[in-house]
Amino acid sequence: MTMLTPRTPARLAPPGQGRRERKAAELETRTRLAGERLAGFSARSGVQVLQELSATRDGLTHAEAALRLERHGANVVAHERAPRWWLRLAKAFWNPFIGVLVFLAAVMWWQDPADPGVVILSVMVAVSGLLRFWQEFRSGRAADALRRLVTTTCAVQRRAGGDSGPATFEVPMDQVVPGDVVKLAAGDLVPADLRLITSKDLMVGQAALSGESLPVAKADLPPRSTGGSRGAEDLRRCATTDPVEADNLVLMGTSVTSGTATGVVVATGAGTWFGSMAGSLAGERPQTNFDNGVRRVSLLLIRFMLVMVPVVFAVNGLTKGDWDEAFLFGIAVAVGLTPEMLPMVVSANLARGAVAMSRRKVVVKRLNAIQNLGAMDVLCTDKTGTLTEDRIVLDRYLDVHGNENGEVLEYGYLNAHFQTGLRSLMDRAVIDRVDEAEEVVVDARFSMVDEIPFDFARRRMSVVLRRNGVVGDLGRPEHIMITKGAVEEVLDLCTHMADGGRRVALTDGLRRHVTRIAEDDNRRGLRVLAVATRTIDAPRATYTVADEDRLTLVGFLAFLDPPKADAARALRALAGKGVAVKVVTGDNDLVAARVCTDVGLDVGHVVLGSETDDLDQTALRALAARTTVFAKVNPVQKARIVRALQADGHTVGFLGDGINDAAALREADVGISVDTAVDIARESADVILLEKDLTVLEQGVVQGRTTFGNTIKYIKMTASSNFGNVFSVLVASAFLPFQPMLAIMLLVQNLVYDIAQLATPWDRMDEEYLRRPRNWDARGIGRFMVCIGPISSVFDIAMFVIMWNVFGADSEAEQSLFQSGWFIEGLLSQTLVVHMIRTRKIPFLQSRASWPVMVMTVLAVLTGLYLPFSPLAAPLGFTALPASYFPWLIGVLLAYCTLTQLLKTLYVRRFGTWL
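Just remember that our numbering sits 126 ahead of the position in the sequence shown, which is counted from 1.
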């Protein structure tokens, strides 16, 4: 079944589909219907559009505007609002493990309200949730502070009454209504979707909608049914069903870069092209890689607990006969088996990562995005401003044979320098290429006579200059016309070309030759303008379009948005970290291919967005896997590409700043935007870059992997150690006539160990670990627990034998001695094995932990050794151990560490991974 064939909304989003599929279908339907409606307005004449909207060129009356505002509502689009603080606080505690800890604390309180374990668990839960809440709340406020409202009003033409004349008023954008006549000028944001009525030299920047880096010309073109002298390109663009490409439509979210225009509002708010996308993006976000991974790991550990605790409870009850004590011990084992610090350690890890990234000018809105950055193995990014500098420069100035020629640059500069209208980006690029000293010389050599401004139909502009100091046949200063514009239009007016200082007739063969020169640069992704001149034999004061004739082609100016100087290095660094970069842009395929080649990407075949429309999900997955560059891609297609990559098992990041990126930003595992992005893009993003720089992203990837590595390190260390302890308890319970350790001892041991693990977020990761993406692997954690956990049980049982046979702790009267001996061995082995598990290398020699981890290890060891000799010994049930115990302890711990290192080597060799 194809994904983008026209269907009704009901068939697109049946209730049985998943939420994600329904949202995608809703977005597709909304944009398709909005596009069809706008295409209808584009295909009709301005008069017909005004009649359909019951409006006039003079504008609505104030009374009519008020009625329409009441009928259609405010001109606002759906925005994702930040949740209230109390909802954010509640969500911070919504975690499977926190639920388990709350349940255990409740059972312990029910058994004994004075049980210190209740306080311990409550503090763990509170700190974990509050830490996450505060970090996300603070990041949310920072993201809100980035909102920038460039303007809040627009110029609208309205009338006081039926017979009064029109006047222009500054009206708040949210009060614009269908039928309003809006006046646009350079620098204005387009407040709604408009059908142009009049225009003059109008250029609109619509990169936020289309991804096209250069402004595009817009004009009130008649529909093709009226005929007229229009080229094939004009007809094609007018006939398009994509409202972004329609020449006579300007859409909400775009901005005017030059020129003026008047347009009638045809859609506002949710009815606009922008609104059709925004309305589908509010609400709950899709589950990310982090969410799914945490859920799988949490359920795995809970399953272990649900299996082991009843077994321990049953064995203790059957062997000891005291079911109440067995129940309490079972609850203590449940607490011991549960990595109760997991929520706190995860929150602390993510919060520390967010703080570290804030120093690199990165705002992390959602803490989970930190880990998703580390797991990301595919980054989809726009081209403009990310791989490129987001500015236009003059790359080449070529003569008619494709060789660089300074005379071409000089004529191009004269044209750009002397024009009096608002200069385009390409005019400024030409001027920037010329030194200030040369500008002074030019001003002295030439004077302005007249100009023929740019217009959309001609797609060129001319200036007429007087060459100072040069006398013509009539004794008057000589005039020279310099024309610059679209290659086809300028070539049509040329009869000659400049060739090595000679003026040569432009034959059909030479015309094909120069056309091929321009086309070659176009295929390289350059925007090409032609430059031509004409010497005026009979100078006069004014000139018209009719004088743009019998021109001599001088050469071509080629422009591009240049790649960033560090883009290639940043891409190599990402590739070295196992992140594949795919460019998904709305710009054309030639420009995208040129830029990607320049930054070192293996472009291959460039896939157009339209090529993906008829593909089902399976075919799209295969295409996305082998494609590096997608061009001319619309918002729905971008989101589909992201979902296809995710369906293929990838963790996908998306970097974008436009309206057309919002859907893909929400679909991605980690959405990345910039502070200058449109509101909807920033709202859809998880991470906001204060600098649009791939180098910052590479640092974020490393930080994400460090954060994840320290999190998984804690899970594997704690889960395997706890599993080993519970296995030891199970064995001891079956053979000992008393409890191997009191419930309060288990809780204290767990508390000391977990406090020591609070330093884990500050640990460092081995360089090798950071080289490739890291993902949640519940099966691997389970395998690690089963393989590594029982190692500790071997030495626990060895300590049981030593305490029983060597120190005579073989009766209920001596159980305190037995329990104290195992408490110290268990705590110290748990604490020291941290250094064995935290790296696949040899600890202390090839890889050392950070100083906070080392300090906490020492403190935990000292605490464990001190407790049986402290004033707390009696209340906790401890007995002071004889000095002869400690050589045995050292021997057991050394043997434990040695065997763990040996089995670690075998484990890595067998499974190819450790953490």
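Backbone N, C-alpha and C fix where the C-beta goes; we use that ideal spot for every residue, glycine too.
Is DSSP giving residue i helix, strand or coil here?
i    : result
M329 : strand
T886 : helix
E371 : coil
T957 : helix
T678 : strand
D516 : coil
S336 : helix
S588 : strand
T155 : helix
T510 : coil
K764 : helix
A794 : coil
A169 : helix
Taking the alpha helix (DSSP H) that residue i belongs to, which residues open and close that run?
i    : result
G908 : 904 to 927
I557 : 551 to 559
H639 : 634 to 649
F853 : 820 to 861
V173 : 172 to 178
M483 : 468 to 484
I662 : That residue, I662, is in no alpha helix (DSSP H); its beta strand (DSSP E) goes 653 to 662.
E615 : 613 to 617
T507 : Counting along the chain, T507 falls outside any alpha helix (DSSP H), though it belongs to the beta strand (DSSP E) covering 504 to 507.
G702 : 693 to 702
F544 : 532 to 544
From residue i to residue j, what does the alpha carbon distance come to, in whole angstroms?
i    : j    : result
S854 : E152 : 55 Å
M587 : D581 : 7 Å
L94  : G172 : Outside the shown range of the chain, which is 127 to 1041, sits residue 94, and nothing can be said about it.
V813 : E614 : 45 Å
L476 : P978 : 17 Å
A334 : D783 : 7 Å
M329 : M891 : 52 Å
G291 : A343 : 31 Å
R629 : G385 : 36 Å
F970 : E893 : 16 Å
K708 : L505 : 6 Å
D936 : W212 : 55 Å
R273 : L315 : Confidence at R273 is low in this model, with a pLDDT of 46, below 50, so its placement is unreliable and no value can be given for it.
I950 : L856 : 19 Å
H605 : E674 : 13 Å
R549 : A672 : 23 Å
A790 : I457 : 46 Å
L215 : L493 : 14 Å
V471 : Q883 : 8 Å
Apart from the five residues on each side of it in sequence, which residues of its chain come closer than 7 Å, Cβ to Cβ, to residue i?
i    : result
S336 : V370, G712, N786
V987 : L954, T957
R650 : R720
A696 : L820, T821, E824
Taking the continuous beta strand (DSSP E) assigned at residue i, which residues delimit it?
i    : result
S573 : 572 to 578
M867 : Note, M867: premise wrong, no beta strand (DSSP E); not H, not E.
S381 : 381 to 393
A631 : 628 to 631
V755 : 755 to 757
K487 : Per DSSP, K487 belongs to no beta strand (DSSP E) and is neither H nor E.
I'd like to confirm the pairing. Which residues does DSSP put opposite residue i in its beta bridges?
i    : result
Y523 : L683
K309 : A281, T388
S799 : I814
H622 : A631, T678
L322 : G389
S973 : P969
G295 : A small correction: the amino acid at residue 295 is Phe; Gly does not occupy that position in the sequence shown. Its beta-bridge partners are V282.
E604 : R593
Could you check whether the Cβ of residue i sits closer than 8 Å to any Cβ belonging to chain D?
i    : result
A939 : Of the chains in the structure shown, none is chain D; there is only one protein chain.
Give every residue of the same chain whose Cβ lies closer than 8 Å to the Cβ of residue i, excluding the five residues on either side of it in the sequence, and list them in chain order.
i    : result
N498 : T414, N415, F416, T777, G779, D795, V796, D812, G830
I246 : L873, L877
Can you give me the Cβ contacts of residue i inside the same chain, cut-off strictly under 6 Å, excluding the 5 residues immediately before and after it?
i    : result
V589 : N541, F544, Q545, E577, I608
G908 : L426
T832 : M891
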